[in-house]
Amino acid sequence: MTQNSEVTPSDASVQPISLELTCPIGLENILEKELHDLGLTETRLGEAQVKLTTDLRGMYLACLWSRVATRVMMPLATFKVTTADELYQGVAAIDWSLHMHADNTIAIDCHGTNNAIRNTQFGAVRTKDAIADFFTKRTGRRPNVEKQTPDLRIALKIKRDQAVLSLDMSGESMHRRGYRQQGAMAPLKENLAAGLLLRAGWSKDSKFQQLVDPMCGSATFLVEAALISLNIAPGARRQYWGFKGWKQHDHRMWQQLNDVAKNERVAPEDLTVSFQGTDREQKAIAAARENIKRAGLVGVIDVQMSAFQQHEFNWDKRPTLIMVNPPYGERLGDEMALVALYRQLGDWAIEHAMEGEMMLLTSSENLARQIPIRPEKSTRVLNGGLECRAYRFPIADSHIKAGSREQVGLSSGAQMVVNRLQKNQKKLRKWLDREKITCYRVYDADMPEYSAAIDIYGDWAHVQEYQAPKSVDENKAQQRLFELVSAIPMALNIPETNVVVKQRLRQSGKNQYEKVDQQQHEMIVEEHGCDFIVNLKDYLDTGLFLDHRPVRKLIQDKANGARFLNLFCYTASASVHAGQGGAKSTLSVDMSNTYTEWSRRNLELNEFSERDHKIVRADCFEWLRNSEDEFDLIFMDPPTFSNSKKMAGVLDIQRDHVDLIDLAMARLHKDGELIFSNNYRRFELDPALSERYEVQDITRQSLDPDFERNQKIHQCWILRHK
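FYI, in the UniProt record's numbering the residues of the sequence shown are 1 to 722.
Here is the structure:
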């Protein structure tokens, strides 16, 4: 750093300046130490800030060299604000001619409100008016507003009846170093990453000889660590600073300090430390390489697209600091999917980086506890508004939890699951490739003790746990689920973050429509030329019943020129297939608002017009009783049980299926076909139906190879008039 820089000050530049440097919460001590290392010792700690008394040179040093600060603010006045007039008068009382010219541009950032200033826009406008009037009275000219890069950025902070007016000498957040593209993926902010590195003990003279980030994302940890080791000033690349439009700015002094900073850099060839990172996401690695290039660190940092468990890092240099910001999990099911990842991360660190340290950032205390190492300390920080903790793990025998050394790698149970998943995947591969199928079931309680279904949707895995019998210990069942989930990424080459876990009962029925979250996690998948919106997280079911894939293909093959009716339509996937097969018209009926809207979106996605492909929200029983329309092809897949408030009665498919089929057959053309299906395992079709209609059981033909292991997933018949 430049605390010994020889820059000759002018008389004006040595006048004392009071500053407030803001920073990420939890890193106040790190910022203060930074300032002290720069020779700026007149400091006082606050929450998410450090107050500093210095001179012009000290302010420039803080802006140029602070890796942790967010903004450098210079308070001009503190005054009482109980009315809008008091705000105007407080601003107008400042001698603005000391800080700017009448022709300068300004921007006002207002934070906070009170009873007098009820919105920030009003506070900003009142402040701007006071400054404009100050210059108009004296010069007849007034400054203009420029929101993006003004000559002077002014901050108004209102708290209760007090206002603080400051100049923002940084101009914009100092986490923007200039090497990361705006609008690109924006994970960890640069100053938070740098602060955590400094907290972990990384410095240009630290004991660590290697930095490894096994989930590097866009490489923020790696780039910030390299900038520290190369002694590159974090503010050196920035072109825009708030103080550059300040009337008291000393351009010569600022340039001299920048020149000194350049001379103090370490040449890359003189580095004795290395920087390695991996990520399994192509988008992340592309962003990482672009950031490394823009930071001028090509050849210094090595990043590769790979899962850290499978990558061959160069571990020759010790001791090692591992910095990692793994996924946190948004809800319980996501957290469960990540348990195995955190365990593997800890075991991997123990196996490869003994006598080193690991700094891990997460919002989940439960996930942090999965690391088989006792943390030395943790720091509370905010990452993107989310409260997190940064845990510091010494990778030493004295901190490894009992038995952890023997637990490195997958458990024997998880390895069994890996073997089974890979066997199933290999068995299905030729069929999947031939039929161009990307959504399929790869596992369905093949091993009874691991009782769950695993469906693949592209590069996502959807895990539905079946309820264990009462005879199975709950903790044992939970452990087996963890083993199952931990096996998926390794067996199927799916990112841990793309494993969605849900717990559900084995039987279907009214529960299948229950919403489990309030967010939207949608993706589009393709099946036999049709596109569908699926949602893997928000509902117990995803919007596409994979077991009905052959039934939908059958409908597509039979639909050309037909009038198609889809009862209990769910998300209208069968109607989309009918339309793709050339149906003259389709009508989809369901009583759920959620699913009729989903149906509408699926039809729109496939560019089918509302004129020929209609959706009706209604109780199917009531609709059939009141309808007089005739159809050539009808598909009906009712739930096992429903007692929705929107229905006149209660639907029990075993009890009511005869009435339901009779009503549907009344709407079927004499040469038409009714495809009837349901997923009640103990369902028995009433023999009396065979006396009235021609009945063909097509259950076996309606199951693809991925459901051969569970032939009771549904039953299916075709009925025709005799």
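In this text, a Cβ means the ideal position worked out from N, Cα and C, and glycines have one as well.
Bear in mind that the values here come from a model prediction, so they are computed numbers and not experimental data.
Taking the straight line between their C-alpha atoms, what separation do you get for residue i and residue j?
{"i": "Gln282", "j": "Leu165", "result": "46 Å"}
{"i": "Ala69", "j": "Pro75", "result": "16 Å"}
{"i": "Asn314", "j": "Asn419", "result": "29 Å"}
{"i": "Lys33", "j": "Leu52", "result": "12 Å"}
{"i": "Ala402", "j": "Phe308", "result": "24 Å"}
{"i": "Ile555", "j": "Ala574", "result": "7 Å"}
{"i": "Gly195", "j": "Gln255", "result": "26 Å"}
{"i": "Leu663", "j": "Ala445", "result": "37 Å"}
{"i": "Pro16", "j": "Thr54", "result": "5 Å"}
{"i": "Ser411", "j": "Leu546", "result": "31 Å"}
{"i": "Asp612", "j": "Gly582", "result": "11 Å"}
{"i": "Leu345", "j": "Ile371", "result": "7 Å"}
{"i": "Ala452", "j": "Lys584", "result": "41 Å"}
{"i": "Pro495", "j": "Ser702", "result": "32 Å"}
{"i": "Leu98", "j": "Leu271", "result": "46 Å"}
{"i": "Val324", "j": "Leu685", "result": "57 Å"}
{"i": "Met358", "j": "Tyr391", "result": "8 Å"}
{"i": "Leu367", "j": "Ala688", "result": "57 Å"}
{"i": "Ile395", "j": "Pro214", "result": "16 Å"}
{"i": "Glu47", "j": "Gly385", "result": "16 Å"}
Roughly how far, in whole angstroms, is the beta-carbon of residue i from the beta-carbon of residue j, given that I think they are within contact range, below 8 Å?
{"i": "Leu152", "j": "Ile106", "result": "5 Å"}
{"i": "Trp241", "j": "Gly171", "result": "5 Å"}
{"i": "Tyr693", "j": "His721", "result": "6 Å"}
{"i": "Leu577", "j": "Cys530", "result": "Note that residue 577 corresponds to His in the displayed sequence, not to Leu. Rounded, the Cβ-Cβ distance is 6 Å, consistent with contact."}
{"i": "Asp129", "j": "Tyr179", "result": "Not a contact, Cβ separation roughly 39 Å."}
{"i": "Val499", "j": "Val463", "result": "6 Å"}
Could you check whether residue j and residue i sit closer than 9 Å to each other, using their CB atoms as the reference points?
{"i": "Ile117", "j": "Val72", "result": "no"}
{"i": "Asp706", "j": "Val442", "result": "yes"}
{"i": "Leu31", "j": "Met59", "result": "no"}
{"i": "Ser592", "j": "Ile615", "result": "no"}
{"i": "Leu338", "j": "Ser364", "result": "yes"}
{"i": "Leu674", "j": "Ile661", "result": "yes"}
{"i": "residue 733", "j": "Pro143", "result": "With the chain covering only 1 through 722, there is no way to say anything about residue 733."}
{"i": "Leu156", "j": "Ile108", "result": "yes"}
{"i": "Gly413", "j": "Tyr450", "result": "yes"}
{"i": "Tyr457", "j": "Thr594", "result": "no"}
{"i": "Val266", "j": "Asn231", "result": "yes"}
{"i": "Ile285", "j": "Val303", "result": "yes"}
{"i": "Gly123", "j": "Ile154", "result": "no"}
{"i": "Ala340", "j": "Glu474", "result": "no"}
{"i": "Gly235", "j": "Ala288", "result": "no"}
{"i": "Leu222", "j": "Phe275", "result": "yes"}
Keeping to the same chain, check which residues put their C-beta closer than 7 Å to that of residue i; ignore five residues upstream and five downstream.
{"i": "Phe631", "result": "Arg563, Phe564, Leu565, Arg667, Leu668, His669 and Gly672"}
{"i": "Thr320", "result": "Phe208, Gln210, Val212, Ala353 and Gly356"}
{"i": "Arg601", "result": "Ile533"}
{"i": "Asn678", "result": "Asp637, Pro638, Thr640, Ile653, His714 and Gln715"}
{"i": "residue 724", "result": "This structure does not reach residue 724, given that the chain is present from 1 up to 722, and the question cannot be answered."}
{"i": "Trp623", "result": "Val589 and Val616"}
{"i": "Ala92", "result": "Ala130, Asp133 and Phe134"}
Spatial neighbours of residue i within its chain, please: C-beta separation below 8 Å, excluding the five flanking residues on both sides.
{"i": "residue 723", "result": "Residue 723 cannot be examined here, being either before or after the span of the chain that is shown, 1 to 722."}
{"i": "Thr83", "result": "Ala116"}
Which of helix, strand or coil does DSSP assign to residue i?
{"i": "Pro394", "result": "strand"}
{"i": "Tyr693", "result": "strand"}
{"i": "Ile154", "result": "strand"}
{"i": "Thr22", "result": "strand"}
{"i": "Ser412", "result": "helix"}
{"i": "Lys189", "result": "coil"}
{"i": "Ser508", "result": "Unreliable positioning characterises Ser508 in this predicted model, as indicated by a pLDDT of 41, which lies under 50. The coordinate reading is nonetheless provided below. Correct three-state label for Ser508: coil."}
{"i": "Arg237", "result": "coil"}
{"i": "Ser170", "result": "coil"}
{"i": "Arg709", "result": "coil"}
{"i": "Ala618", "result": "coil"}
{"i": "Glu522", "result": "strand"}
{"i": "Lys436", "result": "coil"}
{"i": "Ile653", "result": "helix"}
{"i": "Ile30", "result": "helix"}
{"i": "Val300", "result": "coil"}
{"i": "Ala452", "result": "strand"}
In its own chain, which residues sit with a C-beta less than 6 Å from the C-beta of residue i, not counting the 5 before and 5 after it?
{"i": "Arg380", "result": "Gly26 and Arg389"}
{"i": "Thr43", "result": "Glu32, Leu35, Val50 and Leu52"}
{"i": "Tyr440", "result": "Ile456 and Asp706"}
Is any heavy atom of the ligand GTP found at a distance shorter than 8 Å from the C-beta of residue i?
{"i": "Lys283", "result": "This structure does not include the ligand GTP; it has no bound ligands of any sort."}
Counting contacts by CB-CB distance shorter than 9 Å, is residue i in contact with chain D?
{"i": "Leu554", "result": "The structure shown contains no chain D; it holds only a single protein chain."}
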